[in-house]
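A.B. asks: For the sequence shown, the numbering used here begins at 1 and goes up steadily by one.
One structure follows; several queries about it will come next.
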Amino acid sequence: MFIFKRVTDLQRFVERQKKEGKLVGFVPTMGALHEGHMSLIKRANDESEISVCSIFVNPTQFNDKDDLKKYPRPIEKDIELLIANACDVLFLPEVEDVYPKGPKPLVIDFGKLDKVMEGAFREGHFAGVAQVVKRLLDIVLPDKLFMGQKDFQQFTIIQNMIDQLDIPTELVVCDIMREKSGLAMSSRNVRLSEKGRKAATLLHKTLKAAKKKVNSSTPEKVEKWALKELAAPGFEPEYFTIADGYTLQPIKEFSDTDYVVACIAVWHEGVRLIDNMILKKE
Ligand code: AMP
């Protein structure tokens, strides 16, 4: 695996590959890699000829400076995992390299997409995400971009940005990887205790139970029910939202759209956990 720290070195390498007609697949991450990330690398290896993974803990998308400080950074382990999964290139830039003139804000109007769920609870988060993904796409110039369904609102917003700015990159959305227990894999899970990890399966259990209610209830009733479930001892739900999977806006009836998603954010043991499930896609 090649490791590039400097933008220009990475660019020179990618340019050579493209000249040889090779398809470049890109997986942006913030590190503390796990099997969820590896599923993206595998998909990039399957669907392109050169897989590029970036590890960059982007300061501009953290509204909570403490979360940024506590974000795990086990770089040696990450490199081992990437090599074991046949990643071709690791891009490991410094903040100054990603934002040489300082983090100039990227002004894109996402309409109502970034006003709900994560956008409502994490001010400025998606402006930071869009800014870093745009910058990384400008550097890597990939044919395909691989992102996880785990961050449902994130991939929806990035697809919107790609469409608005006519970026010649195809977004490929990959399934959520879960522990056997059902807990969605996340870099933040390492901050949970053994007991906390078990208890956190509550998110997936609630999503599965909500899905079973689709034919016999209304979104509002299911949301109310789920929020009660998620208010179990030690848990602090931020939201459980049932939305149109295209617009991310709330729906009144399950029949309002052919694509329905339920998204969750809860706090447990001081860790913010998110998860989601497609309740219906016709
Ligand atoms: P992160 O390092 O958390 O920024 O995530 C990098 C990419 O990995 C994003 O596209 C995430 O959606 C994706 N990802 C994170 N967790 C999972 C998971 N459990 N399964 C699949 N993809 C994931």
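Beta carbons: idealized from backbone N, C-alpha and C, even for Gly.
Model, not experiment: these values are computed from the prediction.
Looking at C-beta atoms only, is the number of pairs between the region 177-190 and the region 155-167 that lie closer than 8 Å three or more?
C.D. replies: No contact exists between the region 177-190 and the region 155-167.
A.B. asks: Along the beta strand (DSSP E) that carries Asn276, what are the first and last residues, could you check?
C.D. replies: Its beta strand (DSSP E) spans residues 271-281.
A.B. asks: Check whether the Cβ of Leu273 lies closer than 7 Å to any heavy atom of the ligand AMP, and answer yes or no.
C.D. replies: No; taking the cut-off as 7 Å, the Cβ of Leu273 has no heavy atom of the ligand AMP nearer than that.
A.B. asks: Straight-line CA distance for Leu90 to Val222?
C.D. replies: When rounded, the distance between both Cα atoms is 43 Å.
A.B. asks: With a floor of 4 residues, list each alpha helix (DSSP H) that falls wholly inside the region 32-118, ordered by position along the chain.
C.D. replies: Qualifying alpha helix (DSSP H) stretches, in chain order: 35-47, 65-70, 75-84, 95-98.
A.B. asks: At what residues does the alpha helix (DSSP H) containing Val219 begin and finish?
C.D. replies: Before going on, a small fix: residue 219 reads as Pro here, not Val. Its alpha helix (DSSP H) spans residues 219-230.
A.B. asks: Count the other CB atoms within 10 Å of the CB of Glu35; is the residue buried (16 or more) or exposed (fewer)?
C.D. replies: Flag for Glu35 reads exposed.
A.B. asks: Looking at the structure shown, is Arg122 part of a helix, part of a strand, or coil, going by DSSP?
C.D. replies: Arg122: coil per DSSP, three-state reduction.
A.B. asks: Compare the Cα-Cα distances from Phe254 to each of Lys205, Val214, Asn160, Asp109 and report the closest residue.
C.D. replies: Among Lys205, Val214, Asn160, Asp109, the Cα nearest to that of Phe254 is on Val214.
A.B. asks: Just the C-alpha distance for Ile3 and Arg16, rounded to the nearest angstrom, thanks.
C.D. replies: Approximately 16 Å, taken between the alpha carbons.
A.B. asks: Could you have a look at Asp166 and say whether DSSP puts it in helix, strand or coil?
C.D. replies: Three-state DSSP puts Asp166 in coil, outside helix and strand.
A.B. asks: Three-state secondary structure (DSSP) at Arg6?
C.D. replies: If DSSP states are grouped into helix, strand and coil, Arg6 belongs with coil.
A.B. asks: Under DSSP, the alpha helix (DSSP H) around Glu238 begins and ends at which residues?
C.D. replies: Per DSSP, Glu238 belongs to no alpha helix (DSSP H); it is in the beta strand (DSSP E), 235-244.
A.B. asks: Counting pairs of Cβ atoms below 8 Å between the region 223-234 and the region 68-80, do you hit three or more?
C.D. replies: The answer is no - the region 68-80 does not touch the region 223-234, with fewer than three Cβ pairs under 8 Å.
A.B. asks: Between Gly36 and the ligand AMP, is there a pair consisting of the residue's CB and a ligand heavy atom that are separated by less than 7 Å?
C.D. replies: Result yes, Cβ under 7 Å from the ligand AMP.
A.B. asks: State yes or no: is the C-beta of Ser39 nearer than 7 Å to some heavy atom of the ligand AMP?
C.D. replies: At least one heavy atom of the ligand AMP is nearer than 7 Å to the Cβ of Ser39, so yes.
A.B. asks: Using DSSP's beta-bridge definition, name the partner residues of Ile264.
C.D. replies: Paired residues: Phe240, Asp275.
A.B. asks: Quick one: measure Cβ to Cβ for Ser51 and Asp88, integer angstroms, because I've assumed they're closer than 8 Å.
C.D. replies: So it is a contact: roughly 5 Å between Cβ atoms.
A.B. asks: Starting from Thr206 and walking both ways along the alpha helix (DSSP H), at which residues does that stretch end?
C.D. replies: First-last of the alpha helix (DSSP H) with Thr206: 202-212.
A.B. asks: Tyr239 and Met117 look like a contact to me (Cβ under 8 Å); what is the Cβ gap, rounded to whole Å?
C.D. replies: So it is a contact: roughly 6 Å between Cβ atoms.
A.B. asks: With a CB to CB cut of under 6 Å and the five nearest residues on each side skipped, what residues in its chain are close to Ala265?
C.D. replies: Glu238, Tyr239, Ile274, listed in sequence order.
A.B. asks: Is the closest heavy atom of the ligand AMP to the C-beta of Ser54 under 7 Å?
C.D. replies: Checking every heavy atom of the ligand AMP against the Cβ of Ser54, none is found closer than 7 Å.
A.B. asks: Report yes if the CB atom of Ala262 is closer than 8 Å to the CB atom of Ala210, and no otherwise.
C.D. replies: Going by C-beta atoms, Ala262 is nearer than 8 Å to Ala210.
A.B. asks: Using the C-alpha atoms, what's the distance from Ala32 back to Pro74?
C.D. replies: Rounded to whole angstroms, Pro74 to Ala32 spans 6 Å at the Cα level.
A.B. asks: Suppose the cutoff is 7 Å on Cβ atoms and the five residues either side in sequence are ignored; what does the same chain contact list for Val173 look like?
C.D. replies: For Val173, where only same-chain residues beyond five positions count, the Cβ hits under 7 Å are Met147, Gln149, Phe155.
A.B. asks: Return the Cβ separation of Val260 and Leu279 in integer angstroms, given the expectation that the two are a contact with Cβ distance under 8 Å.
C.D. replies: Yes, Val260 and Leu279 are in contact; Cβ-Cβ is about 4 Å, under 8 Å.
A.B. asks: With H, G and I counted as helix, E and B as strand and the rest as coil, what does DSSP make of Gly25?
C.D. replies: Three-state result, Gly25: strand.
A.B. asks: Nearest-angstrom Cα distance between Phe152 and Phe121?
C.D. replies: When rounded, the distance between both Cα atoms is 15 Å.
A.B. asks: Which residue or residues does DSSP assign as beta-bridge partners of Phe283?
C.D. replies: As shown, the chain starts at 1 and ends at 282. That puts residue 283 outside it, with no answer to give.
A.B. asks: Exposed or buried, Ala86, counting other C-beta atoms within 10 Å across all chains shown (16 or more means buried)?
C.D. replies: Burial call: exposed.
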